[in-house]
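Numbering (my numbering), first residue to last: 82 to 838.
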Ligand code: F3S
């Protein structure tokens, strides 16, 4: 059994007291979000109220989940912490590295051989440190978490942006970077700005062609891709109780598309039913006993406008099916207006491929509803016009759907079942097309539809809809078809109409699988060896960074003075470099190659003062030369340096290549923290105009490190080429604990030292 009942019992045992303490501290009734968050404070019961959207708070999540692309560096780092086991239940899911080419069996076999070294590493490191390992083919991280680990009132983090999927089972589940996962697995606090709370009140009941997906497609249209930023979206109202648990998960999953921190539904009968269906009756029974804590206080539901930062109301009875896109998930079109939009904008009317499934939309209910349309197509003599693929979210869903004859219905209309993996959803799709330059349309039941996301082709117009709308469109092969009102011409030349889809929430015979793909970690792992091929170019064990030598920094060289925007993409580019995520030295060859050098206006071209003639060279190359000569370097940056993702590589690479100090006008907060964790000095100009004093040939000293203390600025001395100097103040935000990270060489070094003592 994969889930951990004792952990859940522990969480539930303290819910009542912790929520009571929070209610007292806050002095008013609490939303569901606040209850779960206050129940997971790192330092125990609340003693103060936190301000939504302002306060930074330390949390103790119950669980960590990692997908195979992001898990590599996270686990390589975790190994540095010197712990025998992870501090909280954790799991690894092999889903992102499987490419969809011809069909499940062959694609999975190919992935096994192409990614063997990564899988071997992830399996062995999971085995060693007590982490649940889900093999390639077991399924997509969020579906597997939903089926096995998600529980009402819990809190988890996952190294993937659609982690909020677990909100469908009443959990606060947040997508993070690998560095955050390392913190929690190592037993450290996990910090989050206390989110705002957006309430979405659902009234009425869906019917006909409308599906849970349409709720979030509508919400995306209202809030746009930025509208949920810094907020948790809480769904409630009598309409919420009419949506299946897996339908709730679909809605929460795609909350990532409005930028929400996460989304969550209150515990209800639908969740209980799902827990029973997935053989977790014990958890449902436990949740029943604390049900009052797994929802907002009654006063909140009675007067929601008084307690939510923003309130949206949606009447499910009148909600139309939606199609969102192209190129952005917030371009929301009710189906009744979509055909006109297609014509007006000149989007390619012919539909080339319909793709259903993914972590977002492959529940038993989704598949049975889509299959009911496939069956009608056969019965009514319709020829299916577009290509059609099905991506089951997990082996449990796939096996059950095969057993119950659902997959057969898809095969009958030419549907191709892909591996239980991310595949086309993340661009792992070797799409068959005769002309990639042709403007073309596809429609998916996935979540993201940015340009190039699915097939890497900028000419592909990708739309997002429910699996039933995708299936109807695939049958019609035409984006202007409205299945609610239009007819199609069958083989006999007759006009026929598709009846409303019909589905079954959960299988009558229960879910099943011959091998769900779970590998439990060894009880005694003392003899388990972590497998890393020393010749690998994709994986490399990490060496601990050197501790601080106890002296001020002197004679540092300027590596680059970056001008303008310098995001984590400029610092550690993605794309082709993703392959090297588990190999710090190789991926460091992308360090700062996107940053613009203030002295020549060029990217990836900085002066190397050790080179004869002091010529220009690529940034990583110059950094390596200084490092080899034992000279530390400084990166100078502009405003909001390091904005973008929480990618820890953007902090690890400079650290690896000998950068000692990052001195900027201002930091993006997460990147600043990541630099601190890696033992770097993250400083800001006390006077932003001092940025202009920094010259290309400067030697740089940082003075005051021997008395490094919270709130006390450091001094930076520039010695220019002509011998003149400038000294100015640099601020920092290190607290005492973070100063200890700096001294130890990194946060993980400190944990290891504490462990040894
Ligand atoms: Fe994978 Fe797409 Fe979900 S990439 S995790 S299937 S959002």
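Quick reminder that beta carbons are idealized off the backbone N, C-alpha and C, glycines included.
Predicted, not measured: the structure shown is a model, and the values here were computed from it.
Taking 8 Å as the cut-off, is the beta-carbon of residue 149 closer than that to any non-hydrogen atom of the ligand F3S? Taken from the Cβ of residue 149, every heavy atom of the ligand F3S lies 8 Å or farther away.
Compute every distance between the C-beta of residue 619 and the non-hydrogen atoms of the ligand F3S, then say whether any falls below 8 Å. Between the ligand F3S and the CB of residue 619, the shortest heavy atom gap is not smaller than 8 Å.
Three-state secondary structure assigned by DSSP to residue 342: Under the three-state reduction of DSSP output, residue 342 falls in the coil class, being neither helix nor strand.
7 Å Cβ shell around residue 123 - same chain, five flanking residues per side excluded: 139, 140, 141 and 270, listed in sequence order.
Return the chain-ordered ranges of every alpha helix (DSSP H) run that is complete within the segment 142–172 and spans a minimum of 4 residues. 149–159
Pairwise C-alpha distance: residue 757 and residue 795: 15 Å
What's the gap between the Cα of residue 710 and the Cα of residue 637? 12 Å
Any heavy atom of the ligand F3S within a distance shorter than 8 Å of the CB on residue 202? no
Across which residues does DSSP place residue 809 in a beta bridge pair? 797
For the putative contact between residue 212 and residue 174, defined by C-beta atoms under 8 Å, what is the C-beta separation to the nearest angstrom? Contact flag wrong, Cβ pair sits at about 11 Å.
Suppose you measure from the CA of residue 723 to the CA of residue 766; what does that come to, to the nearest Å? 16 Å
Any non-hydrogen atom of the ligand F3S within 8 Å of residue 441 CB: yes
Same chain only: Cβ atoms within 7 Å of residue 310, ignoring 5 sequence neighbours per side: Here the set comprises 340.
Does the segment 271–278 come into contact with the segment 308–322, if we say contact requires no fewer than three beta-carbon pairs (one atom in each stretch) closer than 8 Å? yes
Who pairs with residue 475 in a beta bridge, going by DSSP? 220
Could you pull the DSSP bridge partners for residue 296 from this structure? DSSP, once it has assigned bridges, lists no residue as partnering residue 296.
Which whole runs of the alpha helix (DSSP H) in the segment 364–396 are 4 residues long or more, in chain order? 379–383
Relative to the ligand F3S, is the shortest distance from any of its heavy atoms to the C-beta of residue 524 smaller than 8 Å? no
How long is the line joining the alpha carbons of residue 858 and residue 582, rounded to whole angstroms? No statement about residue 858 is possible, as the shown extent of the chain runs from 82 to 838 and does not include it.
Rounding to the nearest angstrom, what Cα-Cα distance links residue 730 and residue 565 in this structure? 49 Å
DSSP on residue 499, reduced to helix/strand/coil? coil
Could you tell me the distance, in whole angstroms, from the CA atom of residue 425 to the CA atom of residue 403? Between the alpha carbons of residue 425 and residue 403 lies a gap of roughly 17 Å.
Just to check, is the beta-carbon of residue 176 closer than 8 Å to a non-hydrogen atom of the ligand F3S? yes
Across which residues does DSSP place residue 239 in a beta bridge pair? 146 and 256
Closest to residue 661 by C-alpha separation, out of 260, 691, 618 and 393, would be which residue? 618
Candidates 770, 753 and 733, of which the one nearest residue 154 by Cα: 733
Just to confirm, does residue 553 get its C-beta within under 8 Å of one of the non-hydrogen atoms of the ligand COA? Although the ligand COA was asked about, the structure shown includes only the ligand F3S as ligands.
Work out the CA separation of residue 826 and residue 631 for me, nearest whole Å. Rounded to the nearest whole angstrom, the CA to CA distance from residue 631 to residue 826 is 11 Å.
Sub-9 Å separation of residue 762 and residue 779 beta-carbons: no
Taking C-alpha atoms, which residue in 294, 752, 171 and 747 lies nearest to residue 772? 747
Residue 522 - partner residues in DSSP beta bridges: 432 and 542
DSSP three-state label for residue 117, please. helix
Residue 639, buried or exposed, once every other Cβ within 10 Å from all chains shown has been counted against 16: buried
Let's test the definition: count the other Cβ atoms within 10 Å of the Cβ of residue 842 and tell me whether it reaches 16, buried, or not, exposed. Nothing in the structure corresponds to residue 842, since the chain is present only between 82 and 838.
Tell me whether residue 34 is buried or exposed, calling it buried when 16 or more other Cβ atoms sit within 10 Å of its Cβ. What the structure shows of the chain is the stretch from 82 to 838, and residue 34 is not part of that stretch, so it cannot be assessed.
What is the DSSP secondary structure of residue 747, counted as helix, strand or coil? coil
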